[in-house]
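Residue numbers (this note's numbering), protein chains in the order written: chain P, 19 to 477; chain S, 19 to 477.
Note that the Cβ used here is the ideal one computed from N, Cα and C, for glycine as well.
There are 2 protein chains.
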Amino acid sequence: MADKIPTRIYLSEEEMPKFWYNLRADMKEKPDPILHPGTLKPVTPEDLAPVFCRELIKQELDDTTRLIPIPDGIQEFYGAFRPSPLIRAYYLEKILDTPAEIYYKFEGTNTSGSHKLNSAAAQAYYAKEEGLTSLTTETGAGQWGTALAMACGFYDLALTVYMVKVSSEQKPYRKALMEAYGARLIPSPSNTTEAGKKILAKDPDTGGSLGCAISEAVETAVKTDKCRYVLGSVLNHVLLHQSVIGLETKTALDKYGIKPDIIIGCAGGGSNLGGLIAPFMGEKLAGKSNARFIAVEPASCPSFTRGRYAYDFGDTAQTTPLIRMMTIGSGYIPSPNHAGGLRFHGMSSIMSKLYKDGYLEARSEVQTEVFDAAIKFMKAEGILPAPESSHAIKGAIDEALICKKTGEKKVILFGLSGTGFMDMTAYMAYNNKTMSDHIPSDEELQKGFASLPDIPQNR
Amino acid sequence: MADKIPTRIYLSEEEMPKFWYNLRADMKEKPDPILHPGTLKPVTPEDLAPVFCRELIKQELDDTTRLIPIPDGIQEFYGAFRPSPLIRAYYLEKILDTPAEIYYKFEGTNTSGSHKLNSAAAQAYYAKEEGLTSLTTETGAGQWGTALAMACGFYDLALTVYMVKVSSEQKPYRKALMEAYGARLIPSPSNTTEAGKKILAKDPDTGGSLGCAISEAVETAVKTDKCRYVLGSVLNHVLLHQSVIGLETKTALDKYGIKPDIIIGCAGGGSNLGGLIAPFMGEKLAGKSNARFIAVEPASCPSFTRGRYAYDFGDTAQTTPLIRMMTIGSGYIPSPNHAGGLRFHGMSSIMSKLYKDGYLEARSEVQTEVFDAAIKFMKAEGILPAPESSHAIKGAIDEALICKKTGEKKVILFGLSGTGFMDMTAYMAYNNKTMSDHIPSDEELQKGFASLPDIPQNR
């Protein structure tokens, strides 16, 4: 069988998913509801309406509909960059000398360089359908901002991106790429919002933070006619859109009768991990699979491996609704890390619940070892991985090396969520051996936990 | 028929080319022979042996063998990044509102970001087979150096890259990428060679030039045991390896019964253009096709459109063998241009001969208009094109707009030779409207022509 499997498996246009898969519908134990931070009651669609698009709110709160149709207008855009290839890592297997079969789903072939475009496409489409004319968002590392700039370019929507100031200075190329797609980039904090002005008055030289950028983006959306705010990870509707990754992967594997034994994803907010594992986890929840699921996160921001399952805010300014999730506290400030997309204090409530209930394992890795794995991978497979995605590579290599010891011919699947073309400073630091690792002390984590809201469920 | 053609056509592994196609074998009028610069007689394999690999010399001088087998060891590496997709530009067609069908062969899906890897793979393989342990080369824009670094990483060869000093300072990310693959990067001119020392003694602050980097790379290769020099464009064997682009394209189009009416490529040294058009030009030479072939070059370096068909050196130091080609003279210094890969004074002798004999058309374009086309393309198709490749996009859009006027449903094929991820400074200049155009005056070109060697065939 093995020698018949091509290096790359592509689906035909007919084989592409026509529905997203809502994993929550198949969870007997659902994630806890999102709470209004004032009333501590479950949020209603009306609570969210000033900030988010109507259809996205509906998807966010729907934990019973299994399959949600992908509108034709989104399928059309997906056709511009999907299907993504499922690749058999023959070259990596050879270098590792492992009996394991390794597969990876490569989401970096589009110009935004990552899986983020799957949800950006959907969110921009719904905004357009609803008659909106513009969107706001924030971006740190820049992958989400780029993806949304592409999607807004496609659907002809204006876009304002609040980019963390220090990030916009460090990553001028990211900024240029978003601007080339027509987005308006504002380094945050800025004088365009009250939130920004307040922070600048206190500290005119601040480099900004994701929390502050979120506050500015939300404020602008609420104040602007026919404008809403959109977010690229953590939320349920984002994971729903990302299920296209796992659905394509499963269709491709099924064609060749391949059943993965171990499925691995990197984890920041959980959107790429959740998207990849969704249909496979559905089988496990139904008792039809014994696959293991492994989330790999940075040691410097260990939401799964050292976090608490608690209600927490999504932003550092503590203005968002409360989500019950694995978190190290919205007040925790992770040390600088080259995998900027994984530096978030919390985790998708769906992934958190599955972890809590024992369906999902997690491990954390330091960045130099993650880059060791990245270099090994790129020399074998010829693809430059994003620092974020390299966490999954590290996990896959470790599992393949265990197979080498035990002689087991396991099938390992991992998500290669993006490319590292915009992360060359990280590779330079690695080449020059100036890259360092940080594992937070228990005292550092305590400071984060101290920021958790003092509400009944957290006690 | 049209609605059955998928957005992306991929070949199966069985459909991949097993032979390269040597277009010269089908040319009744062959390109003139390469001359030894001292004797002015055709070069012999012995003349070239100290500098180039044996098998590559054989390929360089062979103008009669039509099909040359791709060794298994190269097919194996090709499998890591080929086939490349042939894409139907449905989204671009829609935006242009043209009745034309537009297809492009996208060579940028590998990490080196361009078609250069097709020849780098072959050249590194033959070097390894010959028992060499290291290679040298030069790089300007960096695409070739990156491709060769990847190939040497794959075949486990040491590689020294002389990178034009100003380019290595302006493109630290390119440098980092090559180093991540294990290459040794030396900014040129350097103290590691006599050629470099001589130039530094004269001008310690020089930013270097491609001509100087070539001299250093050749000197090091000749002086080092089990080491040879390799080159990424212009030469016949490079075009031979690049024929894989056209062969894949033709197989993909043939599957759907599609015959291109117009085939367009960007032209620097001619390797991407020559590779794409080879099998289609073979049909035209045999009288089996009426397709038009168009080379698009930068107005700032107009080898085809304003050059002379003459014997010239390949380097500014005037040390290489003499090649009869379209050239504006090795002494011509093109103005800075964001399409660094197209800033070469000469052109492949095969492409030059076809142009001279009327089989190939050419046009030149200024860079701001090329970037206008690039932005239009990226918004529609979602791919960030390299500045070089964007010349072909400009050509394709112009032809599609002519079809819009005439109502003709022509089939346009162009080569998208690479991505622009390492060229964001160019996009920044475009976004900021600081990009300028330069069309050389006749006087400027005269300076270049004055550098042509004074030999009988040039008079």
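Exposed or buried, which one is N515(P) when buried takes at least 16 other CB atoms within 10 Å? Residue 515(P) lies beyond the stretch modelled for chain P, which goes from 19 to 477, so this question has no answer here.
Residues of chain S with CB under 8 Å from P24(P), in chain order? Residues of chain S passing the Cβ test: S30, E31.
So is P354(P) buried or exposed if we call it buried at 16+ other beta carbons inside 10 Å? Label assigned to P354(P): exposed.
According to the neighbour-count rule (16 or more other Cβ atoms, all chains shown, within 10 Å of its Cβ), is N209(P) buried or exposed? Exposed is the label assigned to N209(P), since fewer than 16 other Cβ atoms lie within 10 Å of its Cβ.
Quick check on T238(P): does DSSP put it in helix, strand or coil? Residue state, collapsed to three classes: helix.
Contact set for K374(S): own chain, Cβ-Cβ below 6 Å, skip 5 residues either direction: Contacts found: Y327.
Taking S30(P) as the reference, give the member of R72(P), G97(P), P87(P) with the closest Cα. Per the C-alpha coordinates, the member of R72(P), G97(P), P87(P) positioned closest to S30(P) is G97(P).
Can you find a C-beta in chain S that's less than 8 Å from the C-beta of M168(P)? The C-beta of M168(P) comes closer than 8 Å to at least one C-beta of chain S.
Hey, which unbroken runs of the beta strand (DSSP E) at 3 residues or more fall wholly within the segment 95–120 of chain S? The qualifying runs are 104–106.
Best match in T345(P), M196(P), R106(P) for proximity to V252(P) [C-alpha to C-alpha]: With distances taken between Cα atoms, V252(P) lies closest to T345(P).
Listed from N- to C-terminal order along the chain, which residues in the segment 90–103 of chain P have their beta-carbon within a distance smaller than 7 Å of any beta-carbon of chain S? Cβ contacts with chain S: G97, A98, F99.
Spell out whether any CB of chain P is found under 8 Å from the CB atom of L195(S). Closer than 8 Å: yes.
Any idea what DSSP makes of L470(P), helix, strand or coil? Three-state DSSP puts L470(P) in coil, outside helix and strand.
On the DSSP letters alone, give me the boundaries of the beta strand (DSSP E) that L434(S) sits inside. Counted as a single uninterrupted DSSP element, the beta strand (DSSP E) harbouring L434(S) occupies residues 429–434.
Can you find a heavy atom of the ligand NAP that lies under 7 Å from the Cβ of E417(P)? For the ligand NAP, the structure offers nothing, since it holds no ligand at all.
Residues near E234(P) by beta carbon distance below 6 Å, same chain, minus five either side: Answer for E234(P): Y180, S206, T211, A213, G214, listed in chain order.
If you draw a straight line from the alpha carbon of T164(S) to that of M196(S), how long is it in whole angstroms? So the two alpha carbons sit approximately 5 Å from each other.
Within the segment 173–230 of chain S, note down every full beta strand (DSSP E) run reaching 3 residues or more, in order along the chain. The qualifying runs are 176–182, 202–206.
First and last residue of the alpha helix (DSSP H) that includes C421(S)? Where C421(S) is concerned, the enclosing alpha helix (DSSP H) starts and stops at 405–424.
Can you grab the Cα-Cα spacing for the pair P474(S) / V69(S), in whole Å? One C-alpha to the other measures close to 27 Å.
Using three-state DSSP, classify F124(S) as helix, strand or coil. F124(S): strand per DSSP, three-state reduction.
For G283(S), name the three-state secondary structure that DSSP assigns. Here G283(S) sits in strand by DSSP.
Alpha-carbon spacing of H259(P) relative to V314(P), whole angstroms: Between H259(P) and V314(P), the C-alpha separation is close to 21 Å.
Which of the three DSSP states is assigned to I393(S) in this structure? I393(S) falls in the helix class under three-state DSSP.
Rounded C-alpha distance that separates N476(S) from K422(S): Whole-angstrom Cα-Cα distance: 43 Å.
Beta carbon of S132(S) nearer than 8 Å to that of G158(S): It is not a contact, given that the beta carbons lie outside the stated cut-off.
Just by C-beta distance, which residues in the segment 122–134 of chain P are closer than 7 Å to chain S? The residues in question are T127, N128, T129.
Mapping DSSP to helix, strand and coil, what is M369(S)? Helix.
To be precise: take each residue of the segment 395–416 of chain P, compare its Cβ to all Cβ atoms of chain S, and keep it if any distance is under 7 Å. Which residues remain? Considering only beta carbons, the part of the segment 395–416 of chain P lying closer than 7 Å to chain S consists of M396, K397, E399, G400, I401, L402, in chain order.
Just to make sure I have the definition right: I need the residues of chain S whose C-beta is within less than 7 Å of the C-beta of G171(P). Which are they? Simply K397.
Does L391(P) come within less than 8 Å of chain S when only Cβ atoms are used? Residue 391(P) is actually Ala in this sequence, not Leu. For A391(P), no CB of chain S lies under 8 Å from its own CB, so it is not counted at the interface with that chain.
Span separating the alpha-carbon of L378(P) from that of F124(S): CA-CA distance, L378(P) to F124(S), rounds to 39 Å.
So that I know if they touch, is there some Cβ in chain S lying closer than 8 Å to that of Y274(P)? No - not a single Cβ of chain S is within 8 Å of the one on Y274(P).
Could you list which residues in chain S have their beta carbon closer than 8 Å to that of N449(P), in chain order? Going along chain S in sequence order, the residues near N449(P) (Cβ under 8 Å) are A194, E197, A198.
Taking Y109(P) as the query, report the chain S residues whose CB atoms sit under 7 Å from its CB, ordered along the chain. Those within 7 Å of Y109(P) in chain S are A98.
Taking the C-alpha atoms as reference points, what is the distance between G359(P) and E406(P)? So the alpha carbons of these two residues sit roughly 6 Å apart.
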